[in-house]
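As you go down the protein sequences, you meet chains A and B in turn. So for the first sequence, our numbering puts the first residue at 1; every next one is plus one. So for the second sequence, our numbering puts the first residue at 1; every next one is plus one.
Protein chains: 2
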Amino acid sequence: MSDEAVWMKWIEDGTVTTPLGFKCGAVYAGLKTPGPGKLDVGLLLADVPCSAAGVFTTNKVAAAPVVLSRERVRGGAARGIVFNAGNANAATGEQGMQRARQMAEVAGAKFGVSPEELLVASTGVIGVPLPIDRFEEGMGRLTIRADGGHDAAQCIITTDTRRKETAVEVAVEGGSFKIGAIAKGAGMIHPNMATMFCFVTTDAAVEPGFLNTALRRSVDLSFNMISIDGDMSTNDTAVVFASGMAGLPRIEAGSQAAERFQATLTEVCIRMAKAIAADGEGATKLIEVRVDGAESEDDARRAARSVAASNLLKAAVYGGDPNWGRIACAAGYSGANLVESKLDITIAGFPTLLQGKVLPFDARAASSALMQSKVTILVNLNLGKGSATAWGCDLTEEYVVINSKYTT
Amino acid sequence: MSDEAVWMKWIEDGTVTTPLGFKCGAVYAGLKTPGPGKLDVGLLLADVPCSAAGVFTTNKVAAAPVVLSRERVRGGAARGIVFNAGNANAATGEQGMQRARQMAEVAGAKFGVSPEELLVASTGVIGVPLPIDRFEEGMGRLTIRADGGHDAAQCIITTDTRRKETAVEVAVEGGSFKIGAIAKGAGMIHPNMATMFCFVTTDAAVEPGFLNTALRRSVDLSFNMISIDGDMSTNDTAVVFASGMAGLPRIEAGSQAAERFQATLTEVCIRMAKAIAADGEGATKLIEVRVDGAESEDDARRAARSVAASNLLKAAVYGGDPNWGRIACAAGYSGANLVESKLDITIAGFPTLLQGKVLPFDARAASSALMQSKVTILVNLNLGKGSATAWGCDLTEEYVVINSKYTT
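Right, here's the structure in full:
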């Protein structure tokens, strides 16, 4: 966003409790394997009832907390979310549903809110009953604080190597509001196969219908661009809570404030999505794939995701191999319309294909450019005006090591 | 096929020149990097005109030899195929088309057949002009022999670790015919991103329309089941030539001979597909995924392929981790209809999920079972009668090592 400086400002060390009216806490309750600084049971709670919205996995095997939260947020209101890592409470049947409800009951009883106002999110091993006694013991010790966002961010991560959190301030007529977020990475860079969480808060007052639409649009441009279409884990959850504590008029669709809210929410989600991509299991680099000139935005999205998801390209980027043929190939099978004789490809700043013709380039210099921590790939289909950006990471030996020994 | 013994017999050491009327040869012409026993330019030629059919990549970036061969085989007749490894002649523009035509011209001139009767196939690096002078020099030295199939099988492989070839004899009324084949593996187990070849010969006489239908059906049940739907490399090529030299009546659709031909062609293609899957880059194991009880065959195919293609599952199988949750997850996002409370999963002989309920199983014994060279995964959706089988391989550190250093 070129004019972000005018009305949008990232807040240093910002997190999900940076907007007014939110508190968080987390404890270690023995759900993750033990380790220094580990946290695995947490709560994000608003001081007041919030308008709320959620986007969840489309996987037909949806975890119990997803089923519960999807139902509870449908009315457009919620007060917070209780969460754990170390156990996904997925493929756990009716007992899993009971335990998801119990999580909200235990937290609601302790903090004096109705359990129906609490959403639930779980991540970790699939198919193992959630140890509800440990959760209860942990929640009994949990305290929430207005600066608890960092702990919450720490709590939700699993194979992530670092916390993912941000906050931003947005100037609007009559004042400003804030948006904050924490996220947990997919173990893999494709959320299709491992869990992605993003919990967003804002102290703006937002009309629930607009909040729902806005979240869906932002997720489409962010988390869905580090994924294969419709491919999500059993537990993927993106939720937003709006406390209204900034004291500004309620944001309704169609206003300038709504536009700024939408744009900023998208920026926040993209920032989290990129953080997830860059921290993919075993990853050493963020790959950004921008596709222009597609016949439609849908085509651009398809081509961008296809390239970003290609194992062969991801391995090539890892090895510093400017293998643009794999980019052409992945765009070619993406389903997007493509005419080879019009295709342009630029990799890490090196134009390699122009109108379908191979350009000479300094392979050694391109290889060096590929060893940076961020690699940008530009594809122009030269067929129309559709554009999209997708993100991925490189594929490394370490990814295989991590994922060949997860449950056992 | 339970009754295969009755009329179908695999031929020991069989290959593409085992059926009557076919000769092959191959030489090293400097297209691959040098090495002992390397061959990179070859020819399969029939003694007589053949009926023929081909199935090619659906990638919008199709290599020049694919464009040429697709056009030439359309009429249902061809005499042979000239091929090379080490250069894919893909993304090479009009010059690439000229060189593909030249390959057929050079071979046709030398062996006294019309170049229009020759198909062409190339595999290797994308986007580099094919060194036609080297090809020409090599073809000048090439001789073909009735026992040349093994050399042809050796010639087409790239990162494959072993030749892929087979032949089978089929008894029909009045005698018998043979089907032979050679194949080259996808570098990756998904043909979506690396090249797959399968060249099939038969000495049956086969009506071209039926031959075309039969090949498409067989490819659907074999090579398309080690792939993601519609996702193929720039160069994928499956062709069949029928010489009629067995001296039997021509096979037309609807006859018993046609049924046996179809069934056997499918067996041959599946054998080659499994050989490709088992020899995926860095692979140590073949994974077979059978899905039953789907609402339709399409649903079964989707679910089977989705499981076989899951990076997380492939890594788990590599590590001997009986992580059935990843199977449920991959089936869940496959697009196939699925009801969690009806789902059965058996992994390497260990039932782990029955009607959606987790079964206790000996994880240590299951882990040992996963260390075999073939791992079978059974999924029953318990919703209908659709069945399908897909094949894949495990994902290893070696895969990453191979693919991070291909062009440079």
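Cβ atoms here follow ideal geometry from the backbone N, Cα and C, with glycine treated the same way.
Determine, for residue i, whether the minimum Cβ-Cβ distance to residues of chain B falls below 8 Å.
i: residue 237 (chain A); result: no
i: residue 299 (chain A); result: no
i: residue 395 (chain A); result: yes
i: residue 193 (chain A); result: Any reading at residue 193 (chain A) must be qualified, since the residue scores a pLDDT of 45, below 50, and its modelled position is unreliable; the value itself is stated next. Yes, residue 193 (chain A) lies at the interface with chain B (some Cβ there is under 8 Å from its Cβ).
i: residue 230 (chain A); result: Low per-residue confidence applies at residue 230 (chain A): pLDDT is 41, beneath 50, and the placement is therefore not dependable, though the value from the model is reported in the following sentence. Yes - at least one Cβ of chain B is within 8 Å of the one on residue 230 (chain A).
i: residue 357 (chain A); result: yes
For chain A, check one thing: does any of its Cβ atoms lie closer than 8 Å to the Cβ of residue i?
i: residue 234 (chain B); result: yes
i: residue 324 (chain B); result: yes
i: residue 321 (chain B); result: yes
i: residue 126 (chain B); result: yes
i: residue 91 (chain B); result: yes
i: residue 315 (chain B); result: yes
i: residue 130 (chain B); result: no
i: residue 340 (chain B); result: yes
i: residue 378 (chain B); result: no
i: residue 312 (chain B); result: yes
Run through chain A and tell me which residues come within less than 9 Å of residue i, C-beta to C-beta.
i: residue 457 (chain B); result: Because chain B is modelled from 1 through 408, residue 457 (chain B) falls outside the range shown and cannot be assessed.
i: residue 318 (chain B); result: 400, 403, 404
Is the beta carbon of residue i sitting closer than 8 Å to the one on residue j?
i: residue 172 (chain A); j: residue 257 (chain A); result: yes
i: residue 314 (chain B); j: residue 393 (chain B); result: yes
i: residue 219 (chain B); j: residue 261 (chain B); result: no
i: residue 235 (chain A); j: residue 104 (chain A); result: no
i: residue 162 (chain B); j: residue 117 (chain B); result: no
i: residue 414 (chain B); j: residue 64 (chain B); result: Because chain B is modelled from 1 through 408, residue 414 (chain B) falls outside the range shown and cannot be assessed.
i: residue 320 (chain B); j: residue 371 (chain B); result: yes
i: residue 31 (chain A); j: residue 85 (chain A); result: yes
i: residue 373 (chain A); j: residue 318 (chain B); result: no
i: residue 295 (chain B); j: residue 383 (chain B); result: yes
i: residue 68 (chain A); j: residue 175 (chain A); result: no
i: residue 20 (chain A); j: residue 246 (chain A); result: yes
i: residue 269 (chain A); j: residue 149 (chain A); result: no
i: residue 22 (chain A); j: residue 201 (chain A); result: yes
i: residue 337 (chain B); j: residue 298 (chain B); result: no
i: residue 166 (chain A); j: residue 181 (chain A); result: yes
Cβ closer than 8 Å: which chain A residues qualify as neighbours of residue i?
i: residue 32 (chain B); result: Simply none; closest approach about 17 Å.
i: residue 59 (chain B); result: 329, 332, 333
Report all residues from its chain with a CB closer than 8 Å to the CB of residue i; omit the five preceding and five following residues, and keep chain order.
i: residue 211 (chain B); result: 51, 52, 53, 76, 240, 242
i: residue 328 (chain A); result: 340, 343, 345, 353
i: residue 213 (chain B); result: 253
i: residue 42 (chain A); result: 24, 25, 26, 27, 82, 83, 84, 142, 151, 152, 155, 156
i: residue 355 (chain A); result: 341, 342, 343, 344, 382
Excluding the five sequence neighbours on either side, which residues of its own chain have a C-beta within less than 7 Å of the C-beta of residue i, listed in chain order?
i: residue 197 (chain A); result: 121, 123, 156, 183, 184, 237
i: residue 411 (chain B); result: Residue numbering for chain B in the displayed model covers 1 to 408; residue 411 (chain B) lies beyond these limits and cannot be assessed.
i: residue 277 (chain A); result: 189, 226, 286, 391, 392, 393
i: residue 9 (chain B); result: 168, 169
i: residue 264 (chain B); result: 8, 168, 170, 179
i: residue 146 (chain A); result: 17, 23
i: residue 46 (chain A); result: 21, 22, 79, 80, 241, 243
i: residue 13 (chain A); result: none
i: residue 311 (chain A); result: 395
i: residue 134 (chain B); result: 29, 30, 31
Skipping 5 residues on each side, what residues in its chain have a beta carbon closer than 6 Å to that of residue i?
i: residue 126 (chain B); result: 88, 90, 91
i: residue 323 (chain B); result: 316
Any contact of the stretch 379-398 of chain A with the stretch 282-293 of chain A, i.e. 3+ C-beta pairs under 8 Å? These segments touch.
Cβ contact check for the stretch 345-362 of chain B and the stretch 394-406 of chain B: 3 or more pairs under 8 Å: no
Between the stretch 365-382 of chain B and the stretch 290-305 of chain B, do three or more beta carbon pairs fall short of 8 Å? yes
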